[in-house]
Amino acid sequence: MYSIDFKKQAVKYKENGHTFKELNEAFNISAQTYYDWKKKFEQGYFEKKTKQTRRRKIDKEKLKLAIEEKPDAYLREIAEKFNCSEQAVFYALKRMNITYKKNIHIFGKIRNKKGWICGKTKFNR
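Under my numbering, the first residue of the sequence shown carries the number -1, and numbering increases by one thereafter.
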């Protein structure tokens, strides 16, 4: 794997009037490789491309304000406000490094109150 700078130097070297034999000795590449790199160079393949971020459904600032206004809101309540799914809210919060609304039940274990097992009430008589 050759770097982009190396490829540009090889193409410029040949364009400056050097033979393919000299190109092979200097850069250890074949004529076909030169033509491939030259074609890609002309098409703009080696130009740096700017990374485009896609537009998100949920604006980060609006989401942050919604959480500050009502910190006890469930994901579904926030999702209704932004007209999207709970999963979209969850991943937006995850991208912002915000943890939110843990499960109050631990499956298979009793939590806090006597009689609570896996989210169902079990009355001891």
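The C-beta atom is built at its ideal place from N, Cα and C for all residues, glycine as well.
Note that the coordinates shown come from a computational prediction; the quantities given were computed from them, not determined experimentally.
Nonlocal neighbours in the same chain, by C-beta distance under 6 angstroms from residue i, ignoring five residues either side
| i | result |
| --- | --- |
| Lys5 | Trp35 |
Buried or exposed by the 16-neighbour rule on C-beta atoms within 10 Å, applied to residue i
| i | result |
| --- | --- |
| Leu63 | exposed |
| Lys111 | Because the pLDDT of Lys111 is 49, which lies under 50, any placement of that residue in the model is unreliable, and the number read from its coordinates should be weighed accordingly. Exposed: under 16 other Cβ atoms inside 10 Å. |
| Ala24 | exposed |
| Tyr32 | buried |
| Lys12 | buried |
| Ala29 | exposed |
Sequence-distant residues of the same chain with beta carbon closer than 8 angstroms to residue i, five excluded per side
| i | result |
| --- | --- |
| Ile96 | Ile65 |
| Ala77 | Ser83, Glu84, Ala86 and Val87 |
Element boundaries [alpha helix (DSSP H), containing residue i]
| i | result |
| --- | --- |
| Ile2 | Ile2 to Glu13 |
| Gln50 | Element bounds for Gln50: n/a, residue is neither H nor E. |
| Asp34 | Ala29 to Glu40 |
| Ala24 | Phe18 to Phe25 |
| Ile96 | Counting along the chain, Ile96 falls outside any alpha helix (DSSP H), and DSSP gives it neither H nor E. |
| Ile65 | Lys58 to Glu67 |
Would you check if the region 79 to 99 and the region 48 to 56 touch, i.e. whether three or more CB-CB distances between them fall below 8 angstroms? yes
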